[in-house]
Every structure is written in structure tokens, then in C-alpha cells.
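Visitor: Under the working numbering, the letters of the sequence shown match residues 1 to 489, in that order. All C-beta atoms, glycine included, are put in the ideal place defined by N, C-alpha and C. Structure provided below as C-alpha cells; questions to follow.
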Amino acid sequence: MGKSLLFLVGGLTIITGLVNVQNSDRMQDLPEITNAYYEEQVAKNIAKSLIDNAIENMKADNNWTDSLTLTEVMDAGAMLTRDNDLLKTNVTKLLAGQSVEEAQVEELELDVLQSKLLQNKMSGSLKSYTQSSSDKPSNSVGSWDEYKVLLMSTSTYDNIEVTTEVLMQRDSFSKYSYMTNSELSSTGGNIWFMSADNIYGPIHTNGTFKMSGNPSFYGLITSPNNWQAHSTNPTNPNFFGGENFNAPVKDSPTSYELSKLTAAAAEGGLTFDGDIDIDFYESGGVGYADINKAVVTSYTCGTNRRPRICYNTTWVQETLDLSTIDGVISTSGKISVEGTVKGAITLHSEDEIEIVGDIFYHTSPVVDSSSTDLLGLVSEGDVIIDQNAHSASGTQDVTIHASIMALNNSFYVENYSSGGIRGTLNLLGGLIQQNRGPVGTFSGSTMVTGYQKNYQYDGRLKGNIPPSFPRESVFSIVYWKEEITDTSN
1 MGKSLLFLVG GLTIITGLVN VQNSDRMQDL PEITNAYYEE QVAKNIAKSL
51 IDNAIENMKA DNNWTDSLTL TEVMDAGAML TRDNDLLKTN VTKLLAGQSV
101 EEAQVEELEL DVLQSKLLQN KMSGSLKSYT QSSSDKPSNS VGSWDEYKVL
151 LMSTSTYDNI EVTTEVLMQR DSFSKYSYMT NSELSSTGGN IWFMSADNIY
201 GPIHTNGTFK MSGNPSFYGL ITSPNNWQAH STNPTNPNFF GGENFNAPVK
251 DSPTSYELSK LTAAAAEGGL TFDGDIDIDF YESGGVGYAD INKAVVTSYT
301 CGTNRRPRIC YNTTWVQETL DLSTIDGVIS TSGKISVEGT VKGAITLHSE
351 DEIEIVGDIF YHTSPVVDSS STDLLGLVSE GDVIIDQNAH SASGTQDVTI
401 HASIMALNNS FYVENYSSGG IRGTLNLLGG LIQQNRGPVG TFSGSTMVTG
451 YQKNYQYDGR LKGNIPPSFP RESVFSIVYW KEEITDTSN
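Below you can see the structure in the form of C-alpha cells.
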């Protein structure tokens with residue numbers, strides 16, 4: 001306990017002297033203000049220590065749901081203070097410009113702190129709540145699910161009580177506008193952001209961003225590594241949404257998260273074996289999908305002397321009302337997809353997904369932010385844009401409304417390096433891939449083949465998630481609320 005108490009003393013200060021001021025009223029008020037501020041900071045720091053310890057436990061074990069007390073935290077040698085400089089800065093502000101030295105700030109003696117604890121004038125406790133907790137408190141969580149944990153702590157110091165409520169959540173990967181594990185292609189080559197590229201929304205790579213010219217990023221861009229400039233092209237990227245090139249590494253989805261997709265399809269969705277073609281459309285206010293599935297039959301062929309088994313593939317179509325399933329269609333084979341989506345649906349392929357034409361939401365969130373149309377595309381292989389996908393619309397562009405995940409390996413354009421410039425790849429949603437895939441080529445600052453990128457973020461993905469879309473392995477803070485009560489009043 002002694003070590004932890006010393007940490008607390010090291011970061012918390014109390015004003016014991018009076019500042020020489022001309023205003024006598026101010027001289028009388030100052031000790032009361034600074035002591036009240038000090039007591040509030042101690043109570044807040046106790047709460048923060050409890051919350052921080054709970055978060056560390058959750059990092060070590062996603063299934064941690066327990067309670068903590070101040071004594072346990074102290075015995076663990078935890079630091080109970082906020083940053084010392086921050087506290088001193090706040091105290092200095094209260095003193096209307098006086099420096100810490102001029103204000104004669106002194107540390108609280110250790111025996112005083114120990115006395116507070118022994119007299120029960122300093123206390124703290126924390127409890128965690130999940131969807132299955134029978135005694136969940138009244139709070140701001142809204143709808144519960146298995147990915148949320150609520151941390152509630154109560155801390156006191158003298159007459160100050162602080163109640164803290166922190167909601168933790170394992171976010172969906174669909175919250176990203178763009179995310180890669182590596183910015184290298186599957187063959188190890190560099191792929192570049194260039195001047196014509198405009199990327200919106202949260203952007204992250206575990207690798208190193210490659211920049212050429214003046215690409216523009218309108219959301220927060222993060223990576224554990226600083227970006228790399230092209231060796232010959234003048235490069236000055238625009239980070240309009242801020243940047244952090246000292247960010248932590250983000251883990252890829254686990255096999256457990258993928259198993260939830262197949263389980264959701266089996267329990268309330270739709271499952272297939274083999275390849276399927278899906279064409280989404282709307283009729284009479286209802287969302288449908290025409291699903292063509294490959295049916296393979298065998299028969300005996302050859303000669304009587306040398307018989308052998310031959311196979312015949314036929315395609316069988318069925319029409320699905322999307323409102324009749326829980327939102328996941330999964331297959332062991334490949335998926336080809338296009339059309340207009342009405343409703344919320346996730347397509348999962350254990351093989352690859354090919355986009356053969358434009359994919360639109362029936363109600364575009366750009367026009368109506370209350371749109372409930374959502375599409376998730378999750379491939380355990382690649383997600384490929386067919387080389388003729390643009391031809392269906394009669395333009396050179398391809399538009400995709402979806403949150404796309406290519407786990408092994410990439411999102412790319414078929415034959416991207418041939419056929420000249422095709423137009424613009426308009427993506428509204430997000431793109432998550434293991435390795436970065438190419439969509440075109442350039443020379444200097446000029447496009448040569450394929451598509452230039454226009455990636456727009458669907459802001460709804462901050463809170464709305466395609467059905468059963470994979471989640472991150474770590475928890476993030478959704479909100480942190482404090483309520484301060486002076487029990488002496």
C-alpha cells in the first residue's frame with residue numbers, strides 16, 4: 001500500500017500558503033477554493049485509477065467482468081493520479097496567473113493521506129455490468145448487446161463524492177473508411193495514394209502509407225509508422241482530418257468472429273454450398289435478392305470399357321424477400337453481386353466475392369441520413385471488381401455502397417493494369433483488407449490505367465453496423481461521464 005500512496009502524494013498538491021493580493025476578499029476565498037478543488041481532484045483520481053485498472057484487465061482478458069476496490073488497486077501498486085503537470089496547471093489557473101512556485105504549492109503529507117483512508121474519508125469501488133447482468137443500473141447505454149461493458153465507480157474524499165460511468169464497446173471493423181494490415185500488395189510491391197485520390201472518414205494501416213503528389217485525407221489518418229514519400233514525384237499529402245503516426249497496431253478479425261458470421265447465417269439467415277450470384281433489387285417498397293446457385297450433378301460417361309464420372313453444373317434461381325431473414329447470407333463458394341439494396345444484409349464468402357456491377361442503397365444516406373439500408377461484404381479471400389463492372393451502367397465509373405472486408409488478401413480491380421483509364425471508383429462505406437490491392441496504375445502524376453479513387457465515408461457506420469460484421473478484439477471508450485456531489489451541503 002505504501003508505494004501506491006506515494007504515487008498519490010507525488011501527483012496531488014494542496015495550497016498551504018496565501019497569495020499576496022490586494023483584494024482582501026480574494027485572500028479569504030482562495031484557501032477554500034483551492035482546498036475544494038484539491039478534494040475534487042483526489043476523488044476524481046481515485047475514480048480514474050479504478051477505471052484504468054478495469055480497462056487494463058479488459059485488455060488482458062476480453063471476458064473480464066468483475067469488481068474492484070480502492071484497497072485492491074493500491075495493493076496492485078496502481079497510480080491514482082492524473083498527470084502532475086496537468087494538475088499544477090489547473091491549480092495555477094485558479095490562482096489567476098500565479099506560478100506554482102509563487103503560490104507556495106506543497107505536497108500533502110503521507111500521514112495525512114493514510115489518516116484519511118483509515119478514517120473512511122477516502123474510498124472507492126467499481127463494478128462492471130454486461131448484457132446478462134440482472135442488476136444493471138439505470139444509465140445511458142440504450143440497447144445492450146454482447147459487445148458492451150458498463151463500468152460504474154463511486155469514489156469519495158472527505159465531503160466530495162464522484163460517480164463515474166464509462167461505457168466500453170468492442171467496435172465493428174465497419175467503423176473504418178479505410179484499413180489495411182499492410183500497404184504492400186500481395187506480391188510485395190508498393191501501392192501509392194496519388195493526387196487524384198480523396199479519402200474521407202477514419203483511416204488506418206498497420207503498415208506504412210505510400211504517398212505520391214497531393215492526395216487528400218478528410219478523416220483522421222493513423223499508423224504505427226510515418227508515411228513514405230515517392231522518391232521522384234513531389235509529395236505533400238493533405239491531412240485535413242488530423243494525423244497520428246504513432247498509433248497502436250490493430251489486430252485482424254479472429255476466427256471466432258468469422259464463426260459468428262456462419263452461425264448467424266445458419267440460425268436465422270441463409271447458407272449455401274458452392275458458388276452463388278446475387279442481384280439485389282427493390283419492388284413495392286420491399287427489398288429482394290435474386291439468388292442463382294450452382295447445382296452440380298454427376299453422371300457416368302465415357303465408354304463401356306472405360307467409364308468415368310462426369311459433372312454437370314446448372315444454375316437454379318430463387319427469389320428472397322430480405323425481410324424474412326436475420327441479415328446474413330453465407331456460402332462456402334464464391335459470390336458475385338450487384339444491384340440495389342433495400343434493408344440490412346451481410347454477404348459472407350469462405351472463398352471470394354466479385355462485384356460485377358454497381359451496388360447502390362435504395363435510399364442513399366447522402367440524400368437521407370435516416371436510411372436503414374446497409375450492406376456488408378466479408379470475404380475470407382479477395383474482393384474483386386470485375387473488369388467489365390462499369391459497363392452495366394453505361395459509364396466508365398463504378399459505384400459501390402457497402403462496407404467491404406477482404407481478409408486474405410485484397411480488394412482490387414481485375415486486369416487493373418490494362419485497358420486504359422476506366423473512370424472513377426466511387427465507394428460509399430468502408431474498405432478493410434489484409435494487403436492493399438491495386439485499382440489502377442499511374443505515371444508521374446497522371447493516371448494510366450484503371451480507376452482513380454473517390455472513397456466517401458458513410459457516417460452512419462460510426463453507430464450502425466451491417467449484420468454480424470466482425471468486431472475488433474479490444475474495447476474502446478464510447479463515453480465517460482462524471483457526477484460530482486458535495487455531501488457537506
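In angstroms with no decimal places, state the Cα-to-Cα distance between Q41 and Y256.
Guide: Answer to the nearest angstrom: the Cα atoms are 42 angstroms apart.
Visitor: Mind checking who V166 pairs with in its DSSP beta bridge?
Guide: Its beta-bridge partners are L151, W480.
Visitor: With K59 and V474 assumed to form a contact (beta carbons below 8 angstroms), what rounded beta-carbon distance in angstroms separates them?
Guide: That pair is a contact at about 6 angstroms.
Visitor: In angstroms with no decimal places, state the Cα-to-Cα distance between K462 and I55.
Guide: Their backbone Cα atoms lie some 22 angstroms apart in a straight line.
Visitor: Give me the Cα-Cα distance between G440 and G419, rounded to the nearest whole angstrom.
Guide: Taking the straight line from one Cα to the other gives about 10 angstroms.
Visitor: Consult DSSP for R460 and reduce its assignment to one of helix, strand or coil.
Guide: DSSP places R460 in helix when its eight states are reduced to three.
Visitor: Which residues mark the beginning and the end of the beta strand (DSSP E) in which E472 is found?
Guide: Premise fails: E472 is in no beta strand (DSSP E) and is neither H nor E.
Visitor: Let me know if W315 comes out buried or exposed under the rule of 16 or more other beta-carbons within 10 Å of its beta-carbon.
Guide: By the 10 Å Cβ count, W315 comes out exposed.
Visitor: Relative to the alpha-carbon of N490, which residue among N214, D397, G444 has its alpha-carbon at the smallest distance?
Guide: The displayed coordinates of the chain run from 1 to 489. Any statement about residue 490 would go beyond what the structure contains.
Visitor: Quick one: using the 10 Å Cβ neighbour count with 16 as the cut-off for buried, is K453 buried or exposed?
Guide: Its Cβ being crowded by 16 or more others within 10 Å, K453 is buried.
Visitor: Would I203 and G189 be called neighbours here (beta carbons separated by less than 8 angstroms)?
Guide: No, Cβ-Cβ distance for I203 and G189 is not below 8 angstroms.
Visitor: Who are the Cβ neighbours of V356 in its own chain at under 6 angstroms, not counting the five residues just before and after it?
Guide: Hits under 6 angstroms: S336, E338, D386, A389.
Visitor: Inspect the beta-carbon positions of D321 and G333 and report whether they are closer than 8 angstroms.
Guide: No; because the gap between Cβ atoms is not below 8 angstroms, this pair is not in contact.
Visitor: What would DSSP say about Y38, mapped onto helix, strand or coil?
Guide: Here Y38 sits in helix by DSSP.
Visitor: Could you pull out every residue in the same chain whose Cβ sits closer than 6 angstroms to the Cβ of S488, ignoring the five residues on either side in sequence?
Guide: The residues are N159.
Visitor: For chain B, is any of its Cβ atoms less than 8 angstroms away from the one on Y256?
Guide: In the structure shown, chain B cannot be found, because there is only a single protein chain.
Visitor: Using CA coordinates, which residue listed in E380, T156, N435, E146 is at the minimum distance from S185?
Guide: If we check each option's Cα against that of S185, N435 comes out closest.
Visitor: Please report the residue range of the beta strand (DSSP E) in which G124 lies.
Guide: Here the beta strand (DSSP E) through G124 covers 122–129.
Visitor: Which term fits L30, buried or exposed, when burial requires 16 or more other beta carbons within 10 angstroms of its beta carbon?
Guide: Note on L30: pLDDT 47, under 50, position unreliable in the model; the coordinate value appears next. Buried.
Visitor: Let's see if you can read the secondary structure: which residues bound the beta strand (DSSP E) around K260?
Guide: It is not in any beta strand (DSSP E) - K260 instead sits in the alpha helix (DSSP H) that spans 255–268.
Visitor: Suppose the cutoff is 6 angstroms on Cβ atoms and the five residues either side in sequence are ignored; what does the same chain contact list for D458 look like?
Guide: Excluding positions up to five away in sequence, the list reads P365, L428, G429.
Visitor: Suppose only complete runs of 3+ residues qualify. What are the beta strand (DSSP E) ranges in the segment 331–400, listed by chain order?
Guide: Segments of the beta strand (DSSP E) lying fully in the segment 331–400: 335–341, 344–349, 353–361, 374–379, 383–385.
Visitor: Find the nearest neighbour of Y479 within the set L151, I309, T346, M194, judged by alpha-carbon distance.
Guide: Comparing Cα positions, the closest option is L151.
Visitor: Identify, in the order they occur along the chain, each residue of the same chain with its Cβ nearer than 7 angstroms to the Cβ of T300, setting aside the five sequence neighbours on each side.
Guide: Same-chain partners within the cutoff: P307, I309.
Visitor: Under a three-way DSSP split, which group does D52 fall into?
Guide: D52: helix per DSSP, three-state reduction.
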